[in-house]
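Residue numbers (the UniProt record's numbering): 1 to 199.
Cβ atoms here follow ideal geometry from the backbone N, Cα and C, with glycine treated the same way.
Encoded as structure tokens, the structure appears first; notes follow it.
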Amino acid sequence: MKNRNLPNRSDALERRELLLAAANTVFSKYGVTAPLDQVVSQAGVGRATLYRNFPDRAALMEALLTRAADRIEERFLSKRKGNAQDFKVLMQVLAGFALESAPMSDYWKAIDPGHPAIVGVRARLVELAREPLEKGQAAGQCNPALQPTDIPLLIGMLAASLRGRTDKERLLFVKRSLQFLCEGVLVQVDSHAPEWEPE
1 MKNRNLPNRS
11 DALERRELLL
21 AAANTVFSKY
31 GVTAPLDQVV
41 SQAGVGRATL
51 YRNFPDRAAL
61 MEALLTRAAD
71 RIEERFLSKR
81 KGNAQDFKVL
91 MQVLAGFALE
101 SAPMSDYWKA
111 IDPGHPAIVG
121 VRARLVELAR
131 EPLEKGQAAG
141 QCNPALQPTD
151 IPLLIGMLAA
161 SLRGRTDKER
171 LLFVKRSLQF
181 LCEGVLVQVD
191 SHAPEWEPE
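Okay, here's the thing in structure tokens:
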């Protein structure tokens, strides 16, 4: 007979996701050094639940990085067109995620670059960019000097623009950053393409 005092797997996963969403919100507002008690309060769970899922701040940040890579991949795969425009689509997804998850670049800086979590996430993003970049370059639409390994650098450049004081300022900064980055990485820009707006 199932012990009713034990949480089921879906409850545990739901609480874990609540903690990750809360950490993203708190770290976006106060930085990655914000007290973890603020994360607990934002999530509406007990402190023991936090430490059962994430024994320390490093474990929480590693999980946030993996979650970020998962969401970037999911969004890109749902939006890609299967043609030479896909690198531009990827850039738009990265800009939208940078706006949604402002501390992402801080996660990169706070964890040792040789840490397995960083190495794994970087490899995933580089691999995600490889095919769309090759298609864009083959069609003469992307700067031939750009390499898939430049993707973490582009993410950092987008995230670095999110230092505005208000959501409106941050949206303006990331849109301008995306515009300047695209002018640098895209050889041909479709003038008929709709203006990018975050989700």
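- Secondary structure at PRO148: helix, using DSSP grouped into helix, strand and coil.
- Counted as a single uninterrupted DSSP element, the alpha helix (DSSP H) harbouring GLN38 occupies residues 36-43.
- At a Cβ-Cβ threshold of 8 Å, LEU133 and PRO148 count as neighbours.
- Look at ILE111 here: in three-state DSSP terms it is coil, with no helix or strand label.
- Below 8 Å, too few C-beta pairs join the region 40-54 and the region 112-129 to call them touching: fewer than three.
- For PHE76, the uninterrupted alpha helix (DSSP H) run begins and ends at 57-79, by DSSP.
- Judged by pairs of C-beta atoms under 8 Å, the region 65-73 touches the region 81-97, as three or more such pairs exist.
- Judged by DSSP in its simplified three-state form, GLN179 adopts helix.
- Annotation for SER10: the continuous alpha helix (DSSP H) segment containing it runs 9-30.
- According to the DSSP assignment, PHE54 belongs to no alpha helix (DSSP H), since it is labelled neither H nor E.
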